[in-house]
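Trainee: What the sequence shown shows, in mature numbering (1 follows the signal peptide of the UniProt record, and there is no 0), is residues -17 to -1, 1 to 169, in sequence order. We treat Cβ as the ideally placed atom computed from N, Cα and C, and that holds for glycine.
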Amino acid sequence: MNTLCLSALVASAVLLAGCAGGSGQVRPTDLRDSAQSRAGDLESIRYEVGPCHGFCPVYSVEVRADGTTTFIGRQHTQVYGKQARQNGAQAFTQLQRTLAPWQPVMDQQRDSSGCGVRITDMSHYTVTWTGRNGRQAQLLHDGGCRSASALSLTHLLSEDIPEQLGILNWIGTPAMTSTPDPARAH
């Protein structure tokens, strides 16, 4: 085999390996050890929930290392604007452990694990880990992905974590209130 053919073959193999392994998708088990070793280096974890083509809640949550939890309801939430509560440092540690399997390496942005079948009009999630040194890692997650790992992450972000942080009632669907009928007031 001549040098030109061999070079082309090696270049093709490198490109294929890049396509297979460099898809930008994070599988939970790929990152567990490196994320857990950095637990003490984190200053905050924030996640934002973007709109869908309907009435999905739109909000952000930031949990700082001391457990201060800040919620900002933007659209289709039970409460609007900024709400805060103190959950204690153990809540931050628990959140970090819960999300560690999905945390990318610092200074990287990744997509969540394989999508599988996808519903196109669901919420998108952005999870940002910020270190004490200001470095960040970011995970982008499409709530419309139906693979097992994607559904697991969607469930964590939309239900389990809000419940653990005590903010689930801030997210809920706004209650429909009826305006009193003046004719019936008499």
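(1) Run the CB neighbour count on C(-13), radius 10 Å, all protein chains shown included, and call it buried at 16 or more, exposed below.
(2) Do V62 and W153 have their C-beta atoms closer together than 7 angstroms?
(3) Using only the alpha-carbon positions, how far apart do A67 and T52 sit?
(4) Kindly indicate which residue of S132, L78, R129 has the alpha-carbon position closest to the one of V44.
(5) In whole angstroms, what is the alpha-carbon distance linking G149 and V100?
(6) Quick check on the burial criterion: 16 or more other C-beta atoms within 10 angstroms. Buried or exposed for H59?
(7) Kindly indicate the opening and closing residues of the beta strand (DSSP E) around H124.
(8) What are the boundary residues of the alpha helix (DSSP H) that H138 is part of?
(9) With a threshold of 8 angstroms, are at least 3 pairs of Cβ atoms found where one atom belongs to the stretch 87 to 102 and the other to the stretch 68 to 75?
(10) Ignore the nearest five residues each way along the sequence and tell me which others in L136's own chain have a CB closer than 7 angstroms to its CB.
(11) What are the boundary residues of the alpha helix (DSSP H) that E146 is part of?
(12) If you measure from the CB of Q61, is any heavy atom of the ligand MN nearer than 6 angstroms?
(13) Is the CB-CB distance between V110 and Y30 below 7 angstroms?
(14) Just reading off the beta strand (DSSP E) that I154 is part of, what are its end residues?
(15) For S17 and A131, I'd like the C-alpha separation in whole angstroms.
Mentor: Checking against the coordinates, here is how it stands:
(1) Working through the sequence shown from its first residue, we reach residue -13 at position 5. Reliability fails at C(-13), whose pLDDT of 39 lies under 50, so the model's placement of it is uncertain and the value that follows must be treated cautiously. So C(-13) counts as exposed.
(2) Here the question's residue 62 lines up with position 79 in the sequence shown. Here the question's residue 153 lines up with position 170 in the sequence shown. Yes.
(3) Within the sequence shown, residue 67 is the residue found at index 84, counting from 1. Within the sequence shown, residue 52 is the residue found at index 69, counting from 1. Cα to Cα, the separation comes out at about 6 angstroms.
(4) For this step, residue 44 is matched to residue 61 along the sequence shown. The residue with the shortest Cα to Cα distance from V44 is L78.
(5) Counted from its first residue, the sequence shown places residue 149 at position 166. Counted from its first residue, the sequence shown places residue 100 at position 117. Rounded to whole angstroms, G149 to V100 spans 32 angstroms at the Cα level.
(6) For the purposes of this step, residue 59 is taken as the residue at position 76 of the sequence shown. H59 should be labelled buried.
(7) By 1-based counting over the sequence shown, the position of residue 124 is 141. From DSSP, the beta strand (DSSP E) with H124 extends over 119 to 125.
(8) For the purposes of this step, residue 138 is taken as residue 155 along the sequence shown, with counting starting at 1. Note, H138: alpha helix (DSSP H), 131 to 138.
(9) no
(10) Numbered from 1 along the sequence shown, position 153 holds the residue referred to as residue 136. If we look at L136 and ignore the five residues flanking it on each side, its Cβ neighbours are W85, S95, H124.
(11) Translated into positions along the sequence shown, residue 146 becomes position 163. Note, E146: alpha helix (DSSP H), 144 to 148.
(12) The ligand MN is not part of this structure, which contains no ligands at all.
(13) Taking the first residue of the sequence shown as 1, we reach residue 110 at position 127. Taking the first residue of the sequence shown as 1, we reach residue 30 at position 47. For V110 and Y30, yes; Cβs fall inside 7 angstroms.
(14) Looking up residue 154 in the sequence shown gives position 171. Note, I154: premise wrong, no beta strand (DSSP E); alpha helix (DSSP H) at 151 to 154.
(15) Here residue 17 corresponds to residue number 34 of the sequence shown, with the count starting at 1. Here residue 131 corresponds to residue number 148 of the sequence shown, with the count starting at 1. Confidence in S17 is poor, its pLDDT being 46 and thus under 50, which makes the residue's placement unreliable; the coordinate value appears in the next sentence. Rounded to whole angstroms, S17 to A131 spans 23 angstroms at the Cα level.
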